[in-house]
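This report refers to the structure that appears directly beneath it.
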Amino acid sequence: MKLLLDLLNIQSVSGGETPMNKFLINLILQRMPNWKVTPIMYSGEEFHDCILLKFGNPKTAVFAHIDTIGFMVRYDNQLITIGGPEVDDGIELVGQDSLGPISCNLKNIDGNLFHDFPRAIDRGTSLSFSQNIRIDDNFISAAYLDNRLGVYNALKICENLENGWVVFSTYEEHGGGSMPFLLKFIMENAPIRQALISDITWVTDGVTHGNGVAISIRDKFIPRRSFIDRVVELAQRSGVAFQLEVEDAGGSDGREIQFSPYAIDWCFIGAPEDNVHSPNEKVALYDLECMIDMYKYLMAHL
Numbered sequence: 001m002k003l004l005l006d007l008l009n010i011q012s013v014s015g016g017e018t019p020m021n022k023f024l025i026n027l028i029l030q031r032m033p034n035w036k037v038t039p040i041m042y043s044g045e046e047f048h049d050c051i052l053l054k055f056g057n058p059k060t061a062v063f064a065h066i067d068t069i070g071f072m073v074r075y076d077n078q079l080i081t082i083g084g085p086e087v088d089d090g091i092e093l094v095g096q097d098s099l100g101p102i103s104c105n106l107k108n109i110d111g112n113l114f115h116d117f118p119r120a121i122d123r124g125t126s127l128s129f130s131q132n133i134r135i136d137d138n139f140i141s142a143a144y145l146d147n148r149l150g151v152y153n154a155l156k157i158c159e160n161l162e163n164g165w166v167v168f169s170t171y172e173e174h175g176g177g178s179m180p181f182l183l184k185f186i187m188e189n190a191p192i193r194q195a196l197i198s199d200i201t202w203v204t205d206g207v208t209h210g211n212g213v214a215i216s217i218r219d220k221f222i223p224r225r226s227f228i229d230r231v232v233e234l235a236q237r238s239g240v241a242f243q244l245e246v247e248d249a250g251g252s253d254g255r256e257i258q259f260s261p262y263a264i265d266w267c268f269i270g271a272p273e274d275n276v277h278s279p280n281e282k283v284a285l286y287d288l289e290c291m292i293d294m295y296k297y298l299m300a301h302l
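UniProt numbering applies: residue 1 is where the sequence shown begins, and numbers increase by one.
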């Protein structure tokens, strides 16, 4: 799992995804000669920090966002959130500004957030949770499993994919914004009618650890039921363990697909995690394995 460990140790807070972009481009260039099909890669300033991989003749796209939640330094030791991170007093944060590396603690004083670094930190500096990866026979616990596991899954799909788009998007944790130009490019160059969202969902009273990947019937948004039914039928044929999720909150890049001017069906499929948006997110390794197997099957049969 060295690749996953590498992914987990790269800072990529929303708006500051360049380090992850550079890592992924180098990794893809190294690995794609050994993939079943060598994709065409699109990246660069035209796409900001996003990356698109086109395999063969695509019918389906997989989207995985490469950004994370975090914090931004304001004035007088103040912090403001990026996305919706846990804000418990004492959480360890890390980053870097013009004067060097930063390691400090989050101070939550009556709902106002501060850092305790002994000097002023450059305004606008992004801070993220300090990483502490723990793996045993059944679980992985770490910061930013959301959405490093989704990115890891997307990279695993690339190994044997013959036809499809694999897309690494940005900004998802803080309102989105990259999907409109990504969808426009896809629809102008190799259009699709369906998409899968490679992301991580929640452990709830109906979706639990160790029972397979979650296929979401709905979150805050409701995808087209005929497409969901088709995905579920294929999932049943696959023999891969899965759970059906029905929630009334949460969102993903699927929201931007649904709000786009394009008639693209979408479905969120991801392993469930506990301790969401905290330094201690927790996912069952079996559910991650099911996620990877399910995506490989669906991309071959949708």
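Even glycine gets a Cβ: it sits at the ideal position worked out from N, Cα and C.
Asked	Found
Excluding five sequence neighbours on each side, which residues of the same chain lie with their C-beta closer than 7 Å to the C-beta of Leu288?	Leu149 and Ala271
Please state if the CB of Ile69 and the CB of Gly84 are separated by a distance shorter than 8 Å.	yes
Residue ranges of each alpha helix (DSSP H) run of no fewer than 4 residues wholly in the stretch 223-258, ordered along the chain?	225-238 and 253-258
Nearest-angstrom Cα distance between residue 305 and Cys158?	Residue numbering for the chain in the displayed model covers 1 to 302; residue 305 lies beyond these limits and cannot be assessed.
When we look at the beta-carbon of Ser169 and count the other beta-carbons within 10 Å, is it buried (16 or more) or exposed?	buried
List the endpoints of the continuous alpha helix (DSSP H) containing His301.	Leu285 to His301
What are the boundary residues of the alpha helix (DSSP H) that includes Arg193?	Here Arg193 belongs to no alpha helix (DSSP H), and DSSP marks it neither H nor E.
Would you call Pro58 buried or exposed, if buried means 16 or more other Cβ atoms sit within 10 Å of its Cβ?	buried
Looking only at its own chain, which residues have a Cβ that is under 8 Å from the Cβ of Ala263, when we skip the five neighbours before and after it?	Arg193
Quick check: does the Cβ of Ala61 come within less than 7 Å of any heavy atom belonging to the ligand MG?	Among the components of this structure there are no ligands whatsoever, and the ligand MG is therefore not found.
If we count the other Cβ atoms within 10 Å of its Cβ and call it buried at 16 or more, is Asp110 buried or exposed?	exposed
How would you call His277, buried or exposed, if buried means at least 16 neighbouring beta carbons within 10 angstroms?	buried
Classify Pro33 as buried or exposed, calling it buried when 16 or more other Cβ atoms lie within 10 Å of its own Cβ.	exposed
Which value, in whole angstroms, describes the spacing of the CA atoms of Ser128 and Val13?	7 Å
Would you check if the distance between the CB atom of Gly177 and the CB atom of Lys220 is smaller than 8 Å?	no
Under a Cβ-count criterion, where at least 16 other Cβ atoms within 10 Å of its own Cβ denotes burial, should Gln11 be classed as buried or exposed?	buried
Given a cut-off of 8 Å on the beta-carbon distance, is the pair Lys54 and Trp165 in contact?	yes
Taking the CB atoms as reference points, tell me whether Met20 and Ile82 lie closer together than 8 Å.	no
I'd like to check one pair, Val213 with Ile269: are the Cβ atoms closer than 8 Å?	yes
Nearest to Arg134 by alpha carbon, out of Leu93, Ala284, Ile292 and His301?	Ala284
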